[in-house]
Structure formats: structure tokens, C-alpha cells
Amino acid sequence: MRRLLPLRKQNKLPIYHSEEERDGLRAAGSFNSKLLDFLRDHVQEGVTTGALDKLAEEYTRDHGHIPACLGYNGYPKTICTSVNEVVCHGIPDNRVLQSGDIVNLDCTTIVDGWYGDSSETFLIGEVDPEVRRLVQASFDAMWLGIRTIEPYSSVIEIGLAIAKFGRREGFGVVENFQGHGIGRMFHQEPGVPHVPVKKSRKDILAPGVSFTIEPMLNLGPHTTKGPLSDGWTIVTADGRPSAQFEHQILMTELGPEILTLTKRGPQEGHQF
1 MRRLLPLRKQ
11 NKLPIYHSEE
21 ERDGLRAAGS
31 FNSKLLDFLR
41 DHVQEGVTTG
51 ALDKLAEEYT
61 RDHGHIPACL
71 GYNGYPKTIC
81 TSVNEVVCHG
91 IPDNRVLQSG
101 DIVNLDCTTI
111 VDGWYGDSSE
121 TFLIGEVDPE
131 VRRLVQASFD
141 AMWLGIRTIE
151 PYSSVIEIGL
161 AIAKFGRREG
171 FGVVENFQGH
181 GIGRMFHQEP
191 GVPHVPVKKS
201 RKDILAPGVS
211 FTIEPMLNLG
221 PHTTKGPLSD
231 GWTIVTADGR
241 PSAQFEHQIL
251 MTELGPEILT
261 LTKRGPQEGH
271 QF
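Residue 1 is where the sequence shown starts when you use the working numbering, and the numbers rise one by one after that.
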């Protein structure tokens, strides 16, 4: 996977994609959503995160595509599996999912040279009501960020909307990791903070820009620790749970097009 982009200190120009290139992005996003739908049946009590990773790699390769995270900056696995207090970049291993856990599966694939990227948080068995509320708020925050923008919106509008909502719900909105532009590169401009950052006001979401919105909300404060000794895992500073959802967006002349909608996963307005 990636070391999620830290907040950018300077602005560079976003990359705009032609009509032909947009079809490549759509194909990548579509496959990535199919991968998440495939994994959905296997995310259950008693499965290990390592087993989910193996399934993800096999499914991707069987369809002739490339696991984008595997080997990216030295990352050792195909997907990220962030359980409970893990904010992002959890490495799949022998950990067994148990009732009461939440786990985010972050999947990124390469289809004919184009990147698709999305993630979803799953609830395992009976989850504490406050943790369920956290998952709901993270999901709603992502959708709020999407519905806030239109052609030529400023990136800062996403951060303003998500931060206001998450804090009003009583959760910490993670500030030191952000979404990103995506296309023929895993990470490109613009960076997409989920809190208002002055420099993001200059980044304009004109038609042709592809990017992710992927807010992370914590049950406690927004602060994080890490990476841990594995060089990747980021956890909440207080050890309480964190939840995240991510969609890949293409800004078109008609508005934001969501490239990673699943057929069987939670849709806009879903109640957990």
C-alpha cells in the first residue's frame, strides 16, 4: 500500500485526465469495487487478516491485474487490514477477527496501468454501540465530503465539511493523513486533507481530476502514534478504535463520479 500522504507543504498542479483516460480510471475503479465485494463474503469472525490478504492477491491475479500495494515502498502485503485501534496501514498477519472487532480493508489494484483505490470498514459480530456509531459517522463523513463538491470546487471544501461534521458528532478527525490524487500513479496531486488546510484552498477540482476521499475518525482524540516497529502501522494515541471509508472520485463536467461503488456493499444513506 502506501504511506498515506502526510499533509502537503506546497501546492503542485493536479493532473487532468482526458475522456479516453477517464475510461481507464473507470475500469480500475470498477475492478477494485469487485474485489471488495468478493472479500465481503469472507470477512467474518474466525478468519485471519492474512487469509483475507491471500484471497485478495489470488482474486486480483486471477483476473489479470496487479496488486498495487504489494512491494509499494516495501509494503509486504496486498491489502491493508486495520483492526480496532489501527488507524491505517495495518499489515495482514495471523490475527483472528473476533466478535466486537471492526476492520478496515483498504484495497488498491492496477488495471492496464490505471490505479483503483477504495476501502471499507466491516463490523464483526456484536459491536459496541458507540463503536458502531463511530463507523456510521466515518461512512457519513465520506459521503458528506463527496456531496459537498461540484466542478471547480476547492479541495478545502471537503476538509471543512468533514471536520465540522466529525467533531460535531464527538469524534476525532485524523489530521495527519489525507486523500490523494490518483491515476497512472498511486499518489499524485492534489492532496485531499479531511480537515481545512489553507494551502488546499488553491487546489481546484476541475473536470478530469481523479482523487480519493478517505476520512479516518477516532473514538477518542484525533491524535495518532506510529509507525510501529513494522514500519507501517499507525494507531490511535489512546488505543481506542478508529474507522475509515474511502471512495475514488472522478470530477466530471456534471459533477463528482464515484468510480468505486460496490454492488453489494453499503450505499449512500446506509445505516450500520
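Note that CB positions come from ideal geometry on N, CA and C, so glycine has one too.
Distance between residue 47 and residue 97, taken at the CA atoms: about 6 Å.
Just so you know, the alpha carbons of residue 257 and residue 184 end up roughly 18 Å apart. Secondary structure of residue 186 (DSSP, three-state): coil. If you check the CB distance, residue 191 and residue 178 come in under 8 Å. Here residue 73 carries a helix assignment [DSSP, helix/strand/coil].
Distances from the CA of residue 82 to each of 151, 102, 14, 180 were compared; the closest alpha carbon is that of 102.
Annotated three-state conformation of residue 121 is strand, per DSSP.
With a beta-carbon spacing of about 6 Å, residue 40 and residue 264 fall inside the 8 Å limit used to define contacts. Fewer than three pairs of CB atoms, one per stretch, sit closer than 8 Å, so the stretch 107–116 makes no contact with the stretch 148–155. Here residue 251 is bridged, per DSSP, to 256.
Distance from the CA atom of residue 23 to the CA atom of residue 135, rounded to whole angstroms, is 32 Å.
An exposed status is given to residue 271, since fewer than 16 other beta-carbon atoms sit within 10 Å of its beta-carbon. Excluding residues up to 5 positions away in sequence, 162, 165, 166, 215, 217 lie with their Cβ nearer than 7 Å to the Cβ of residue 141 in the same chain.
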